[in-house]
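Student:
Number of protein chains: 2
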Amino acid sequence: MAIDFRQLRYFVTLADTLHFGRAAALLHISQPPLSRQIAALEEELGVTLFKRSSRQVELTVAGRHFHEQAVRIIEALDGAVRSTQATERGERGVLRIGFTMSAAWSVLPPLIKAYGDGAPDVDVQLNEVLPRELNDVLMSGSVDVGIAFPWQRPAGLEYLAIHAEPLCAVLPANHRLARKTEVAVADLAGEPFITFPAATAPALHELVIGCCRENGFEPRIRLETHLQQTIVNLVAEGLGVSLVPWSMSKMQLPGAVFRAVSVTRMVEQGVIWAAGNDNPCLPRFLACARAFGR
Amino acid sequence: MAIDFRQLRYFVTLADTLHFGRAAALLHISQPPLSRQIAALEEELGVTLFKRSSRQVELTVAGRHFHEQAVRIIEALDGAVRSTQATERGERGVLRIGFTMSAAWSVLPPLIKAYGDGAPDVDVQLNEVLPRELNDVLMSGSVDVGIAFPWQRPAGLEYLAIHAEPLCAVLPANHRLARKTEVAVADLAGEPFITFPAATAPALHELVIGCCRENGFEPRIRLETHLQQTIVNLVAEGLGVSLVPWSMSKMQLPGAVFRAVSVTRMVEQGVIWAAGNDNPCLPRFLACARAFGR
DNA sequence: GGCCATTGATACGGATTCCGTATTGATCGA
DNA sequence: TCGATCAATACGGAATCCGTATCAATGGCC
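As structure tokens, then:
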């Protein structure tokens, strides 16, 4: 009562050979089943596909048209099987990455490149998120993996550190400390600080404040802004100083200079993902991140 | 061992309902066969399509992808069945028409229009052919039907008259006979005639020559050219006179005038086709031509 | 012109597949 | 803890399908 893929394969082979016996041999069946299946196919379609004499077989006009369609459909099934298998292996599909702006300056580009080289058919979607939003978008499943500073996370989120870098001081170019190649944190006491709000990126905020406290002073916070670039911009305008991850020094800006500081605490970044996330692309990405961490 | 359309339909229904019992009801089968067919499909694919607990079913990522593909494939089969049936009914496909230039001025346009209105999905391919080539292209199958003057045809070609029109005289505008509204053929005796070569369109050639002979003179053929339009052009240049089918008078050309002539013999046109031609579009076209003839 | 080889259709028996009923096992909610 | 729900499994009967054997028709060859 229903058309079968087997009938399509039989039909295509017969249409290619135009000979029941040879087609049956190619299909590794005997000739009578082939005759029956073709007859059944014509019956179901209500269309004569072959003009048969007892001596030769040829396609009708409708048969030629159905042949094209059948080949397309068989190829479509073949492709569907293959792409579905590739999907399960994580070799194709979509991987949505939520990254914080600071990751964009350090680990994100090389990590994406390394992953993309190994999984060229995966559509990597990059979404910038605020650090405080990361937990939510991971738990709701609207992104598959986040790249950010470590941060307190609810049960169900996993974390893997992949990168650590020191802080550096960013100073106005004409600042008195800009002449030194390395700055002691204590020297920054009393300077107006530009930081990001604790609510936006709590981990990094704590790190900067903690550094100052370890060196005996409470930073005087003059401005808060939630983008690292903006911090550097404001420093370049002479509005204050800041401590930022070393990778920010890639930002070449007249008016701002970056200087090493005497602190041992590092800014760590890592990948975060939901333990229950079943995106098949994720394991490969995590393997990539793990390799990147070493 | 092979994926079945039934499995695709079962899979799509289950993916839509995410409930074995309800999907089975929609498919008018009981639940166990559905479970088995889905399991068999997953087995053949080597891919887990559903994440099952004993309480709920949901698609995996690969399952979602396969769902899209399966829907596409089922629709493709459905479309293939329909279009193949339409092809056999002659409602879609290709109809190649070989027409002679003289038909283009008379019967071809309204006939094509009438046919096209009734069979809008048929791709009508129009090929101009020389009258003497028509038999060959019909017998070889490179066109399905010809529109031309009747002409001696080999066994296997059928002919149906659909149109007849009188001859008319075409004269230079400043010709002495141009002042009359009707011309007697005998008046053209001695005039330089422009005709087409006998080899190109034997039937029409014979008709024109025959007309003259019936009226007691042998036409003095000054020029021969195988396009009717060229004949009219040459007449307009004052190089001679001719007898052409009345439909050529649609050709408005300063310098040439068309005049009725006192002959009863008509120029007939009809459709010609190979008896063995199995293009399903042909019967409908011939029915159209038959209706056109009345 | 008659004989034989070729080719597709048909007949029939055996094996496989597949469906439906009944049942099990597992999980969630009360 | 018990019952309800839901998917998986067991099993028997029916339908399908394949292969061997055979038939019918056609074309080539002597």
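Protein chains in written order, with this note's numbering: chain A, 1 to 294; chain B, 1 to 294. Cβ coordinates follow ideal geometry from the N, Cα and C atoms, glycine included. Just so it is clear, the structure is predicted and the values come from calculations on it, not from any experiment.
Identify which residue in K113/B, L134/B and F149/B has its Cα closest to the Cα of V124/B.
Tutor: Answer by Cα proximity: K113/B.
Student: Any beta carbon from chain B within less than 8 Å of T13/A's own beta carbon?
Tutor: Judged by the 8 Å Cβ criterion, T13/A is not in contact with chain B.
Student: Restricting to Cα atoms, I'd like to know which of Q152/A, A86/A and D4/A is closest to A39/A.
Tutor: Residue D4/A is the option with its Cα nearest to A39/A.
Student: Are the beta-carbon atoms belonging to V12/B and H65/B less than 8 Å from one another?
Tutor: Cβ distance not < 8 Å, so V12/B and H65/B don't count as in contact.
Student: Taking the alpha carbon of A287/B as the reference point, which residue from A198/B, L34/B and I162/B has its own alpha carbon closest?
Tutor: Checked all of A198/B, L34/B and I162/B; the closest Cα to A287/B is I162/B.
Student: The segment 33-47 of chain B: which residues have C-beta closer than 9 Å to a C-beta of chain A, in chain order?
Tutor: Under the 9 Å Cβ criterion, the segment 33-47 of chain B contributes E44, L45, G46 and V47.
Student: Report the partner residues of L167/B according to the DSSP bridge assignment.
Tutor: In the DSSP output, where bridge partners are listed per residue, L167/B has P245/B.
Student: According to DSSP, E224/B sits in a beta bridge with which residue or residues?
Tutor: Answer is T195/B, bridged to E224/B.
Student: To the nearest angstrom, how far is the alpha carbon of P283/B from that of Q37/A?
Tutor: If I take the Cα positions, the gap works out to 30 Å.
Student: Using a Cβ-Cβ cutoff of less than 6 Å, which residues in the same chain neighbour F217/B once the five nearest sequence positions on both sides are dropped?
Tutor: Correct list, in chain order: A189.
Student: Residues of the segment 191-225 of chain B with a CB closer than 9 Å to any CB of chain A: list them in chain order, please.
Tutor: Going along the segment 191-225 of chain B in chain order, one finds no residue with a Cβ nearer than 9 Å to chain A.
Student: Using a Cβ-Cβ cut-off of less than 9 Å, give me the residues of the segment 50-77 of chain B that come near chain A, in sequence order.
Tutor: For the segment 50-77 of chain B, which is checked against every Cβ of chain A, the residues closer than 9 Å are K51, T60, V61, A62, G63, R64, H65, F66, E68, Q69, A70, R72, I73, A76 and L77.
Student: Please state if the CB of G156/A and the CB of G270/A are separated by a distance shorter than 8 Å.
Tutor: No, Cβ-Cβ distance for G270/A and G156/A is not below 8 Å.
Student: Does the beta carbon of R6/A come closer than 8 Å to any beta carbon on chain B?
Tutor: Yes, its Cβ sits closer than 8 Å to a Cβ of chain B.
Student: For I147/A, list the residues DSSP reports as bridge partners.
Tutor: In the DSSP output, where bridge partners are listed per residue, I147/A has F99/A and V271/A.
Student: Locate the alpha helix (DSSP H) running through D78/B, then write down its first and last residues.
Tutor: Note, D78/B: alpha helix (DSSP H), V61 to E88.
Student: Taking all protein chains shown into account, decide if E331/A is buried (16 or more other Cβ within 10 angstroms of its Cβ) or exposed.
Tutor: The structure shown does not extend to residue 331/A, since chain A spans only 1 to 294, so no value can be given for it.
Student: In the structure shown, what three-state DSSP assignment does R284/A receive?
Tutor: Three-state result, R284/A: helix.
Student: Whole beta strand (DSSP E) runs in the segment 101-135 of chain A with 3 or more residues, listed along the chain?
Tutor: Entirely contained in the segment 101-135 of chain A, the beta strand (DSSP E) runs reaching 3 residues are, in chain order, 121-128.
Student: Closer than 8 Å, CB to CB, is N174/B near chain A or not?
Tutor: Chain A contact via Cβ: absent.
Student: Just to make sure I have the definition right: I need the residues of chain B whose C-beta is within less than 7 Å of the C-beta of A2/A. Which are they?
Tutor: Near A2/A (Cβ distances below 7 Å), the residues of chain B are F5 and R6.
Student: If you check the beta carbons only, do L234/B and I209/B fall under 8 Å apart?
Tutor: No. Outside cutoff.
Student: Measure the alpha-carbon distance for E44/B versus I97/A and round it to whole angstroms.
Tutor: Those two C-alpha atoms are separated by around 33 Å.
Student: For V71/A versus L18/A, is the C-beta spacing smaller than 8 Å?
Tutor: No, these two residues do not count as a Cβ contact at 8 Å.
Student: Within 8 Å, do at least three Cβ pairs link the segment 168-175 of chain A to the segment 248-267 of chain A?
Tutor: In short, these stretches touch, since the Cβ pair count reaches three.
Student: Going along chain B, which residues have a C-beta under 8 Å from E91/A?
Tutor: Those do not exist, as E91/A stays about 11 Å from chain B at its closest Cβ, beyond 8 Å.
Student: Compare the beta carbon distance of L59/A and Q7/A with 8 Å and say whether it is the shorter of the two.
Tutor: No.
Student: Once DSSP output is grouped into helix, strand and coil, what is the label at A2/A?
Tutor: It is coil, neither helix nor strand.
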